[in-house]
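S.K.:
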Amino acid sequence: MRRMRKRLLDVHVCELPKKSDSNLPKLPPNARFYTRWKRNFQKIFLVCITHPLTRNYLRSLAAIAFEKRRHGRSTTWWVIHPCSNLRYYWDFLMTFTFLYMFVVIPYILAFHRVAKSSDPKIWNLVHPAYIICICDIGFNMITGFESKDGHEVFLDPILIIQNYMKGYFFFDLISSIPYVWFYQDRILPPGPNSNSLLLIPEFFPLLKIIRIFTLRHYIGQILNTYFVLSHAQEKIIWLFILILLLFHWSSCTTILFPFIIAHINAETLKDSDMYLITSKLYEKSDYDIYLMYFHIGMSNIMASTCLEFYSLGKMDIITRCILLLFGKACIIYFLVIILQLIESAAEAELKYQQVIYQVKEYIHQKKFPENLKKRLIDYYEYRFQGSYFKENAIYRTLSNLLNQEIMMHSTRGLLDTATILHHLPRNVIGNLMEILKPVIYLNEDIIYKSKTEGECMFFIVSGTVALITFSGKEICHEKDGGYFGEAAIIFPDRKRLETVIALEFYLLFSATNMVELKWEEKYELITRNLAEWLGDEKLKSILKQRDLKLYWGTATTGKPHIGYFTPMSKIADFLKSGAEVTILFADLHAYLDNMKAPWELLELRTQYYEKVIKAMLRSIDVPLEKLKFVKGTDYQLSKEYTLDVYRLSSIVTEHDAKKAGAEVVKQVVNPLLSGLLYPGLQALDEQYLKVDAQFGGIDQRKIFTFSEKYLPLLGYEKCIHLMNPMIPGLAGSKMSSSEEDSKIDLLDNPAAVKKKLKKAFCEPGNINDNGVLSFAKHVIYPLLKEEESFNVYRTAEFGGDISFDTYEDLENAFAKEEIHPGDLKNAVEIYINKLLDPIRKEFETDSKFKNLANKAYPPQKPKIIEELTPARLDIRVGKIIEVSKHSDADSLYVEKIDLGEATGPRTIVSGLVNYVPLEQMKDRMVVVLANLKPANLRGVQSHGMVLCASVDEPMRRVEPLRPPLDSKPGEKVIVDGYEDESPDDVLNPKKKIWEKLQVDLVVNGNGEASWSGNLLLTANGGKLTADSLKNVAIK
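Residue numbers (the numbering used here): 222 to 1256.
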């Protein structure tokens, strides 16, 4: 009973009622015989799951079922599927047909029709094969074909015929016609009366040899079906068949070629010196003749001596020379194939030798002492055992279940010897194996010392260790199956009580997290401090079954800053929850985002990002071996990814693409197409990185919803989306690489950190848009260890030092103004420097790091900043000599104003109708801004602007400025202190010069016009005034 239960657990026996595997519509019970016969006949045309090629194109049962429905319910159901049973058995028949023809046709042509002038009836041996080949042409005309990339099977009859016509059709047709049906003549011996033209159709069947590549495919198909062979074994079998065929063809060529030359030269056999004639070999039996020429042909191909054939004729020698050259090429080809097979069989050993060689070169370069040299070599020899495999790369491609089974098998020695594990359930052992990490120690290595902190225990796979007290007394030895250091797991705050030393080569597993988190605890770790997440139910469902797989991507544009610690600290949370985390360096995205990273700097910036981000992760104690690092262009330039980009672009609207990238892609008036592609590429990354979730900032929400909308339309599953809040910059807005004052660079020295924090926005009691407070919440607090608090250091005069166990306590204290902004900044400064110190140290000690930073971010040429002063304004005194209302605008005057110019008065349009009566405008002295670019106002070209004092509240009032009574038209007005500079000829409207300067133009409390406190004066020192308005703007 127990054995039966185990069998039921190992093998699934389906209890559901079996359905038809054809996926065709069900026939009614009273269907006619013809209909049922047609249905049964139709089934052999459909794709078959047992066909050896089916799984190459269709990866799942659902895909196979869909292919059957697509084919069986179409109007072209009679087309043969290339993965159908019918096609498989036909290919099986054609395999032996080709082999038969490749042997028999050259033999009959050479040894009988040409050498012996045999009767055409000898060809009767091949006629059945001809009939099969003619049928094969018909089959090929109605057999579907797969695309070159293997992703699609075409079943359209027209496409099938076109494809076949471009391929083997001509050769199949020419080589499948039995030409002797059209004549019954013998081929006469060479000579003046020979009928040698008949040789031409006799040679056409030899074109069938072009199908040698098809034969190779068919043989591989048969071997994969009936035998379990490796690729190397399959190749060896094919090479053996090919060599035998080459020997046979060489023997046929050796006898045939001299006869062909004799026919061409009309030379009789009596005059010929060919070996067949001079040796009188033709008098012997067909078997003896073939055996002798097989020997000669094999010698020719193998380039071996054949001195026994002392009477070779001139044509025999020429034939031998040709075959020698061909044979040499074949030998070289076979040697290359054999060497490749040998190399692939011994690849692991060869790579191991390369690794050992590199280690020895490294030792030689570093000039290590003999003891250290020996220990290093011993370590590598023990670690790899003579073979080198990329285990991490293999593990990453496997499922969790397979990895667990491999781990269980790899640790079977530990499971057999460690009695502590014998009575644990299998699932508990599986979970334990997942958190074990293999470690190798050499003889006399100290595994850990007493009085040191520890966070892991050890299981011994093989070897012996000694446990020694702090005083030096040896306690005991632990051997295979033993364990030690468990106190560090039970009492994490207690220091080690013993020192452990390896007494021999030693393999063990270390376990750091023996307590498996519940799915609710993992959920809490994953979602804490997130601004939002999409796909909550799916997240919970996955965590109940297994750990989450997610990725975080960063475009390699500007230099990373301390804001990047926000995602880094969250990545630490993900790893604590057991998640598999991939970090994507999105180099292609960086280029597409309005070329923020120039193509020539793309690789350098990607290298810099990888270096810096790894340094950041090390600074917060995130183990890099638990992370997978990927570069975008490693897979984003592949054929499959590019095809999906095209597929996505065919369904995404311009509106949706622009909207999705609005918060991430740089927005410009005329957006580039690259920026519109950006969201689609980020969406596809989820599929190609094979993850459950994508992690990013809340600014990427629109891209995430874009992904959820469009990926299912491509047949891909929706992902979970986890969103971090955006930390405000030091100036209060978003922290950005492009805004120097908003961020602290990772390589800023302590003085620069202090200076930037001192200027940071941090109003007393204001907890909104407070970058300093947000950094504490999202970076410092998540990285604090248990029982560690956030410390604010103050003098006794201001209340003394204070600690906050939770961020909420700190925020409340700041909101109540119990913490001064200066004290908060000082506390955060200490923590920032702790984070940055390891990165600075690595940068300072690594010259390659420095060079990389300089190359990736070359110094920018300083931008020439135009000085913005009021001297750039051309302000003059003018006199209105003519004024009238605008014919098309009730609120506008059209004035003719004399500015003392030789060209006469200027036309200026002013909106003063509602504020200044017409009679007061006539002959009035005014102040005019004369270097504005002319503007068309309701059909009238205006060449300047009358400056006025203006106020909007409590009611709108406008008064034109009055120049001094003694001023004259055309007199220049300057700003006191700026009289030595010259105005622009015309103010550039794109640079907003007037708009920027106008902000500081006011009428002061004395009713006098001024700019930033400096009076506006005429050449005689006269002041500009307003009639009644004071402390108002000038517009």
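The beta-carbon is built from N, C-alpha and C at its ideal position, and this holds for glycine as well.
#1: Find out if the Cβ-Cβ distance for the pair L764, Y744 is shorter than 8 Å.
#2: What is the residue span of the alpha helix (DSSP H) that H1041 lies within?
#3: Give the straight-line distance between the Cα atoms of L330 and P422, rounded to the nearest whole angstrom.
#4: Just list the residues that DSSP pairs R922 with in beta bridges.
#5: Tell whether a beta-carbon distance below 8 Å holds between I265 and G365.
#6: Which one or two residues does DSSP pair with W298 in a beta bridge?
#7: Find the nearest neighbour of F480 within the set Y496, L466, F468, judged by alpha-carbon distance.
#8: On the three-state DSSP scale, how would you describe A1034?
#9: Across which residues does DSSP place A284 in a beta bridge pair?
#10: For a quick check, are the C-beta atoms of D794 and I841 less than 8 Å apart?
#11: Is the shortest distance between the beta-carbon of K1046 and the beta-carbons of chain B less than 8 Å?
#12: Using the C-alpha atoms, what's the distance from Y583 back to E695?
#13: What residue does the alpha helix (DSSP H) around W459 start on, and which one ends it?
#14: Using 10 angstroms around the beta-carbon of R604, count the other beta-carbons present and answer buried if the total reaches 16, otherwise exposed.
#15: Residues in its own chain within less than 7 Å of T997 by CB, not counting five upstream and five downstream?
#16: Taking the C-alpha atoms as reference points, what is the distance between V974 and E676?
#17: For G853, which residues does DSSP report across the bridge?
#18: Does any heavy atom of the ligand COA sit closer than 7 Å to the C-beta of I667?
#19: Assess, as a yes-or-no matter, whether the stretch 334-346 is touched by the stretch 291-307 under the definition of 3 or more beta carbon pairs within less than 8 Å.
#20: Have a look at V374, N1152, L1057 and flag the residue whose alpha-carbon is nearest the alpha-carbon of L838.
#21: Would you report the Cα separation of S1105 and K1211, rounded to the nearest angstrom?
#22: Does the Cβ of L1245 have 16 or more other Cβ atoms within 10 Å, making it buried, or fewer, making it exposed?
#23: Out of L1004, N486, E753, L593, state which residue places its alpha-carbon closest to the alpha-carbon of D920.
#24: What's the C-alpha gap between L418 and E504?
#25: So is E1180 buried or exposed if we call it buried at 16+ other beta carbons inside 10 Å?
#26: On the premise that Y899 lies in contact with G882, defined as a C-beta separation below 8 Å, what is that separation, rounded to the nearest angstrom?
#27: How about P413 and L490: do their beta carbons lie closer than 8 Å?
#28: Could you name the residues that DSSP lists as bridge partners for S928?
#29: Just reading off the beta strand (DSSP E) that R1178 is part of, what are its end residues?
#30: Would you tell me roughly how many angstroms separate the C-alpha atoms of I558 and E846, rounded to the nearest one?
#31: Assuming contact is defined by CB atoms lying nearer than 8 Å, are A687 and I661 in contact in what I supplied?
#32: Can you confirm whether the stretch 384-394 touches the stretch 442-461 when touching is taken to mean that 3 or more C-beta pairs between the two stretches lie within less than 8 Å?
#33: Output needed for M536: all residues of its chain with C-beta closer than 7 Å, excluding positions within five of it in sequence on either side, in chain order.
#34: Could you tell me whether the Cβ atoms of F850 and E831 are closer together than 8 Å?
#35: By the 10 Å Cβ neighbour count, where 16 or more other Cβ atoms means buried, how is D1248 classified, buried or exposed?
#36: Going by beta carbon distance, what residues of the same chain come within less than 7 Å of L466, once the five residues before and after it are set aside?
M.R.: This is what the structure holds:
#1: yes
#2: Per DSSP, H1041 lies in no alpha helix (DSSP H) and is assigned neither H nor E.
#3: If I take the Cα positions, the gap works out to 11 Å.
#4: Note: R922 sits in no beta bridge, so no partner.
#5: no
#6: Per DSSP, none; premise fails for W298.
#7: Y496
#8: Helix, per DSSP.
#9: Note: A284 sits in no beta bridge, so no partner.
#10: no
#11: Of the protein chains in this structure there is only one, and it is not chain B.
#12: 37 Å
#13: 452-486
#14: In this structure R604 is exposed. Its beta-carbon is surrounded by fewer than 16 other beta-carbon atoms within 10 angstroms.
#15: Note that residue 997 corresponds to Ala in the displayed sequence, not to Thr. Closer than 7 Å at Cβ, skipping near neighbours: F1011, Y1028, L1031, V1049.
#16: 34 Å
#17: Its beta-bridge partners do not exist; DSSP assigns none.
#18: Questions concerning the ligand COA fall outside what the structure shown contains, since it holds no ligand whatsoever.
#19: no
#20: For L838, the nearest C-alpha among the options comes from L1057.
#21: 31 Å
#22: Buried.
#23: E753
#24: 27 Å
#25: By the 10 Å Cβ count, E1180 comes out buried.
#26: 5 Å
#27: no
#28: Bridge partners of S928: none, in fact.
#29: It spans 1178-1181 - the beta strand (DSSP E) in which R1178 sits, taken as one unbroken run.
#30: 38 Å
#31: no
#32: Under the Cβ criterion (8 Å, minimum of three pairs), the stretch 442-461 does not count as touching the stretch 384-394.
#33: F478, P479, I482, M495
#34: yes
#35: exposed
#36: F323
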